[in-house]
Amino acid sequence: MSNPGTGTGPGDLSAFIAGLPKAELHVHHVGSASPRIVAELAARHPNPAVPTDPDALAEYFTFRDFAHFIEVYLSVVDLVRDAEDVRLLTYEVARDMARQNIRYAELTVTPYSSTQRGIPEAAFMEAIEDARRAAEAELGVVLRWCFDIPGEAGLEAAEETTRLACELRPEGLVSFGLGGPEVGVPRPQFKPYFDRAIAEGLHSVPHAGETTGPQTIWDALTSLRAERIGHGTSAPRDPKLLEHLAEHRIPLEVCPTSNLATRAVASLDDHPVTEMVKAGVLVTINSDDPPMFGTDLCTEYEIAARLLGLDAAGVAALAKNAVTASFAPDAVKASLLAEIDAHLASWSA
Ligand SMILES: [Zn+2]
Numbered sequence: 002m003s004n005p006g007t008g009t010g011p012g013d014l015s016a017f018i019a020g021l022p023k024a025e026l027h028v029h030h031v032g033s034a035s036p037r038i039v040a041e042l043a044a045r046h047p048n049p050a051v052p053t054d055p056d057a058l059a060e061y062f063t064f065r066d067f068a069h070f071i072e073v074y075l076s077v078v079d080l081v082r083d084a085e086d087v088r089l090l091t092y093e094v095a096r097d098m099a100r101q102n103i104r105y106a107e108l109t110v111t112p113y114s115s116t117q118r119g120i121p122e123a124a125f126m127e128a129i130e131d132a133r134r135a136a137e138a139e140l141g142v143v144l145r146w147c148f149d150i151p152g153e154a155g156l157e158a159a160e161e162t163t164r165l166a167c168e169l170r171p172e173g174l175v176s177f178g179l180g181g182p183e184v185g186v187p188r189p190q191f192k193p194y195f196d197r198a199i200a201e202g203l204h205s206v207p208h209a210g211e212t213t214g215p216q217t218i219w220d221a222l223t224s225l226r227a228e229r230i231g232h233g234t235s236a237p238r239d240p241k242l243l244e245h246l247a248e249h250r251i252p253l254e255v256c257p258t259s260n261l262a263t264r265a266v267a268s269l270d271d272h273p274v275t276e277m278v279k280a281g282v283l284v285t286i287n288s289d290d291p292p293m294f295g296t297d298l299c300t301e302y303e304i305a306a307r308l309l310g311l312d313a314a315g316v317a318a319l320a321k322n323a324v325t326a327s328f329a330p331d332a333v334k335a336s337l338l339a340e341i342d343a344h345l346a347s348w349s350a
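Residues 2 to 350 in our numbering are what the sequence shown spells out, letter by letter.
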């Protein structure tokens, strides 16, 4: 992707990354709630399982394994109880993005979790759309939605998510996803739901190969007609799959720290991102559930730069991958690509 180090030290590269205009394609709505927001929600809606003080929250967000992560995640989901919670959460997430120079994000939203908890569906849609418009106007962050099926909730959740996406389709909705555990949740059973969403013009972006092998990624491609893959961590175990992803320009949404936190990889140095890039796969860098994993997008770019041996030009190329692989409006794509080039040019000057 680039030649290693041409005079920029790691400190310099951090500053370059901080100022770099960025797009993020794999980041979850509730999973982006910072400890401060979670503490606010927990204070509004007391839940003995969730601590309210930020230090205790940091401890609470230390995961034993993927199942434990899902358990903690759902306890935070349970704190989002009314439309005002939804609006506040969404806008505050955009504020954290603006601070990192994230200019465009496809936020994965799980409407089923909220409507099941009694938030009226129309009020939910209005809350996210209101936050989206405010974030763009006031913070300069363009948001789009990916509605995802919570895999652990089964086919009833799939049916409901599809209905919400297709019948209530908010203006910012661009894609349809599938998250939650992969073990015991085979992808092909969701085919009819993805078929309906795709027929409505939504893009298919399921999680696959995060905690299971390459077959899950093949299933996502063949049954769910995936246009991008969430994670795809196990792809390098199958050279034919890597070749297929590279040839068909199917991007992977790579989230290094998330993979470490959920024990999908044993260590960052073992992360297969290097093999993905070497095989010519279009790799994008993302933060997944950043405060829960004690990270943010800038940190993920720093990690990627270290693992891939990138200099500023290489990092800029990685940032452009995310723009290219996005479902952003053409004008947003063009202006972001130009801004990335300008940032690199002023850096190199
Ligand atoms: Zn995810």
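Where is the CB? At the ideal position from N, CA and C, for every residue including glycine.
Who are the near neighbours of Ala280 in its chain, counting only those whose CB is closer than 6 Å to its CB and skipping five residues on each side? Leu243, Ala247
Quick one, which of Pro121, Ala227, Cys147, Leu298 has its alpha-carbon nearest Ser259's? Leu298
Alpha carbons only, please: which of Gly141, Glu161, Gly231, Arg145 is nearest the one belonging to Leu179? Gly231
Which class does Arg82 belong to by DSSP, given the choice of helix, strand or coil? coil
Does Ala323 pass the burial test, meaning 16 or more other C-beta atoms within 10 Å, or should it be called exposed? buried
What does the Cβ neighbour count give for Leu156, buried or exposed, with the cut at 16 atoms within 10 Å? exposed
Tell me whether Asp56 counts as near ligand 2, meaning its Cβ is closer than 6 Å to at least one heavy atom of that ligand. Although ligand 2 was asked about, the structure shown includes only ligand 1 as ligands.
At the level of alpha carbons, what is the spacing between Ala159 and Pro55? 34 Å
Between which residues of its own chain and Tyr351 is the CB-CB distance below 6 Å, once the five residues before and five after are set aside? In the structure displayed, the chain extends from 2 to 350; residue 351 sits before or after that span and is not available.
Which of helix, strand or coil does DSSP assign to Cys147? strand
Hey, how far is the Cα of Asp270 from the Cα of Leu308? 7 Å
Taking any heavy atom of ligand 1 as the mark, which residues have a C-beta closer than 6 Å to it, listed down the chain? His27, His29, Gly180, His208, Gly231, Asp289
Use the C-beta contact count for Pro207: other C-beta atoms within 10 angstroms, 16 or more gives buried, fewer gives exposed. buried
Suppose you measure from the CA of Lys1 to the CA of Asp342; what does that come to, to the nearest Å? Beyond the ends of the chain as shown, which are 2 and 350, falls residue 1; an answer cannot be given.
Go ahead and label Ala57 buried or exposed: buried means 16 or more other beta carbons lie within 10 angstroms of its beta carbon, across all protein chains shown. exposed
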